[in-house]
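In our numbering, each residue's number is its place in the sequence shown (first place is 1) plus 56.
Glycine included, each C-beta is placed from N, C-alpha and C at the ideal position.
Take a look at the structure set out below.
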Amino acid sequence: MALKLYLDMVSQPCRAVYMFAKKNNIPFTFKHVSLMKGEHLGEEFGKISITRKVPAMRDGDFCLVESVAIMMYMAQKFNTPDSWYPAGLQQRSRVDEFLSWQHLDLRVFGTKMFWYKNLIPKILGQDVPQDKMDELMEDLNNSLNTVENKFLRDKLFIAGDHITLADLTAITEIIQPVATGLKLFEERPKLRAWHDRVRAAIGAELFDDAHKVLMGLEENAKEVDASKLQFFRPMCLKMIS
Ligand SMILES: N[C@@H](CCC(=O)N[C@@H](CS)C(=O)NCC(=O)O)C(=O)O
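So, in structure tokens, the structure goes:
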């Protein structure tokens, strides 16, 4: 039985998992879980995802959450090329280093920016106060500086000469705030060049396919009924408190 991946392509860790599976020809069934429709809160999905978050994976009776764990599972189960998640201790640790760092840094600020600019105004019916926005922009910029100057430095990819799981996670997290209209790549030529290398390594067609839902969000968002998103209200209030 083919592996099942539970995904919503608006979500950055879902896009990383999706691109990894597709690029490596891993057979899977795509199960769409719409966050905007609150499908992740339903009883059925609760049986698959202990955290009720996407991405989630089901392989027979075995269910798994967390994008990094899912990609590592697929890398080992399907014996993907070593370069994605190298067996060598120090090379692998370079990948682990970035994947461990990003959760509470790049991901937090990029995700928050997406909510601040795209979703909170719709759900709460008010813009995020400017001082909160400025503070977040500074955090996001510091995070991007760390990616450029500490992780990437003068290498082609985060962990060296080859694309790895670290680049997949990084690119999807950075594109999330870009989708709100921020010109992050235009302002950062080194990051832009890395983005282009990652896109080429994945293949432009697959890369663009993975991002088309997110990039079309503004268009789709016009049809989103904010009254149906009110289950996100407590989370929005917490984010700006
Ligand atoms: N660390 C997790 C993050 C998962 C996560 O936060 N997913 C979000 C979408 S990007 C989600 O499902 N949110 C629903 C919610 O929090 O209610 C991973 O890498 O998989």
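Residue span of the beta strand (DSSP E) that contains His218, given as start and end:
From DSSP, His218 is part of no beta strand (DSSP E); its letter is neither H nor E.
I need the straight-line Cα distance from Leu208 to Ile227, nearest angstrom please.
12 Å
Below 8 Å, can you find three or more Cβ-Cβ pairs linking the region 193-210 to the region 237-256?
yes
For the beta strand (DSSP E) holding Lys60, just list the boundary residues, first then last.
Leu59 to Leu63
Using CA atoms only, rank isn't needed, just tell me which of Pro185, Pro233 and Ile176 is closest to Leu200.
Pro233
Ignoring anything shorter than 3 residues, give me the beta strand (DSSP E) runs that lie fully in the region 104-167, in order along the chain.
112-115 and 118-121
Measuring alpha carbon to alpha carbon, tell me which of Ala143, Asp223 and Leu120 ends up nearest Tyr62.
Leu120
Across the region 211-227 and the region 144-157, are there enough close Cβ pairs to call them in contact, namely three or more that are closer than 8 Å?
yes
Select from Met291, Met57, Lys60 and Glu191 the residue whose C-alpha is nearest the C-alpha of Pro177.
Met291
Thinking C-beta only, is Leu59 closer than 8 Å to Met128?
no
For the alpha helix (DSSP H) containing Phe76, list its first residue and its last residue.
Gln68 to Lys79
Just checking Leu91 against ligand 1 - is the residue's beta carbon closer than 7 Å to any of the ligand's heavy atoms?
yes
Just to confirm the assignment: which complete alpha helix (DSSP H) runs, minimum length 4, are found wholly within the region 163-197?
176-180
To the nearest angstrom, how far is the alpha carbon of Ser67 from that of Val110?
8 Å
Given a threshold of 16 other Cβ atoms within 10 Å of its Cβ, counted over all protein chains shown, does Leu160 qualify as buried or as exposed?
exposed
Beta-carbon within less than 6 Å of Gly94's beta-carbon, same chain only, minus the 5 sequence neighbours each way: which residues are those?
Phe287
Collapsed DSSP secondary structure at Lys246 in the structure displayed
helix
If you measure between the beta carbons of Lys254 and Asp223, is that distance less than 8 Å?
In the sequence under discussion, the amino acid at residue 254 is Val, which differs from the Lys named in the question. A contact, by the Cβ cut-off of 8 Å.
Delimiting residues of the alpha helix (DSSP H) encompassing His267
Ala260 to Met271
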